[in-house]
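Reminder that position 187 of the sequence shown reads as 187 in full-length UniProt numbering, one-by-one numbering, no gaps.
Below is one structure, written out as C-alpha cells; the observations come after it.
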Amino acid sequence: MPAAGLWIGAVVTDAKGKAVLDLPMPENTTQWRLTSRGCTVETLVGEATGNVITRKEFFVAIKAPQIVREGDKIRVLARIHNLTDYAGPVDLTLTLLGGDKFDGTLAERKLTVKVGKKGGVEALFDSVEIPLAAAVKVRVSAKAGEHTDALETILPVRPWGLEFADHDGGIAKGDATAMVELPGKRVYGSKWMTISVGPSLKRAVIQMALGSRSPRVLRGGPHLVRIPPLPGPGGFAGSDLLAVVSALEYAKTVDAPEVDVVRLTDRARSLVSALVVSQRKDGGWCWTGADSDTDWAVTAMSF
C-alpha cells in the first residue's frame, strides 16, 4: 500500500536502549502497517514491522448503489456500530448533496433509532430521487449523546434517455463553416458541443483510437463525464479494442510514425488485459465490481 505517513526524528533511548514515541494515527477505520527503521551514530541499524487497527468506538456504515441513473429513487441503509457502554436513541441524518463542489442540499431525511450497549442497529431511510448531475454525494451522520460520526460517498449519475447528435466535418486549408442542428420539438436534459481540430485525418484517426479526445462536460464544472457514461471503471473495453485494432491496421497502411504504432500496440494489449481481468468465471461481464451478477447487455457490448 502507498505510504500514508512519514516521521523522521532523533530519539534518545534509556539505559536499556528503549524509547517510547507518541504518534497520532490518521482518522480512518482500517488496518495499518507500521515500519520503523533506526540507525545509531555508530551506524548500527535495525528494522521492525507491525500491524495496528484504528477504529472509533462509535461509527456508522452505509450501503448504497455504486452508480445511479437520473430519476432513480434510492433508499440508503445505515448501520450503527456501538462499541461503547452507551444505550439509547441515535439521531441519523441523510443528506443528498449536489453542485460542482457538492455544496447544495438536494434532499434530506432523518431517522431516530435505539441502540444497545456494545451492539449495533440498522436503519433504512426513505427514498430520495436522483437529479440530472455528473455526480451526487451521499452523507450520513449519526449522533448518540456525546458520540458522533459521519460518512460520505460520491455516486456517479448516468443520464436518462437517448442521445441525439449531429455532426459535420471535413478538410480545409483556410476558413471553414460547418452547420450542426439537433432535432426540433424535443426537450433536452443537457446539451454540449465537441469541436476537434487536427493537422490531418490520419492524425485524427490515431488520436481518437488512443482516447485522447477531450471529455464531454455535463453542465460545466470540474466533473467531466462522458455522455452517455461508460459502464464500469474502464468503459466498453471491447469497443475500444476494436477501434484500436482498426487504427493500428490503418497506421501501418499509411506508414504512420513508429511511435504511433507502438502506442497503439500498447493500448491494444492493455485493453485485452482489461477484458481478461474483468471477465467473470461464467464468461460474461458486469457493470461494476466482481461481486455483481453478469449483465447480458454489457457482455454483448464487450464482444
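Cβ atoms here follow ideal geometry from the backbone N, Cα and C, with glycine treated the same way.
- Counting along the chain, Lys-143 sits inside the beta strand (DSSP E) bounded by residues 135 to 144.
- If you draw a straight line from the Cα of Arg-203 to the Cα of Arg-269, it comes to about 21 Å.
- Residue environment for Asn-82: buried (at least 16 other C-beta atoms within 10 angstroms of its C-beta).
- Closest by C-alpha distance to Phe-59, out of Ala-48, Ser-36, Val-90 and Lys-185, is Val-90.
- Within the DSSP secondary-structure output, Phe-58 pairs in a beta bridge with Asn-82.
- By the neighbour-count criterion, in which a residue is buried when 16 or more other Cβ atoms sit within 10 angstroms of its Cβ, Leu-6 is exposed.
- For Gln-207, there is no enclosing beta strand (DSSP E); the enclosing alpha helix (DSSP H) has its first and last residue at 201 to 209.
- Every alpha helix (DSSP H) stretch that sits fully inside the segment 229 to 287 and reaches 4 residues is listed by chain position as 237 to 253 and 258 to 278.
- With contacts defined as CB atoms closer than 9 Å, Leu-210 and Val-244 qualify as a contacting pair.
- Take the alpha-carbon of Gln-279 and the one of Leu-271: they are about 12 Å apart.
- About 6 Å separates the Cβ atoms of Ala-64 and Val-138, confirming a contact at the 8 Å cut-off.
- The distance from the Cβ of Pro-156 to that of Ala-135 is about 5 Å, consistent with a contact at the 8 Å cut-off.
- Inclusion of Leu-92 and Thr-105 in the CB contact set at 9 Å is not warranted, their separation being larger than that value.
- Distance between Ser-273 and Thr-84, taken at the CA atoms: about 47 Å.
- The segment 17 to 37 and the segment 51 to 58 touch, with three or more beta-carbon pairs separated by less than 8 Å.
- Assigned with DSSP and collapsed to three states, Thr-299 falls in helix.
- Straight-line measurement puts the Cα of Glu-47 at about 13 Å from the Cα of Arg-33.
- With fewer than 16 neighbouring CB atoms inside 10 Å of its own CB, Phe-164 falls in the exposed class.
- Taken through DSSP and simplified to helix, strand or coil, Lys-118 comes out as coil.
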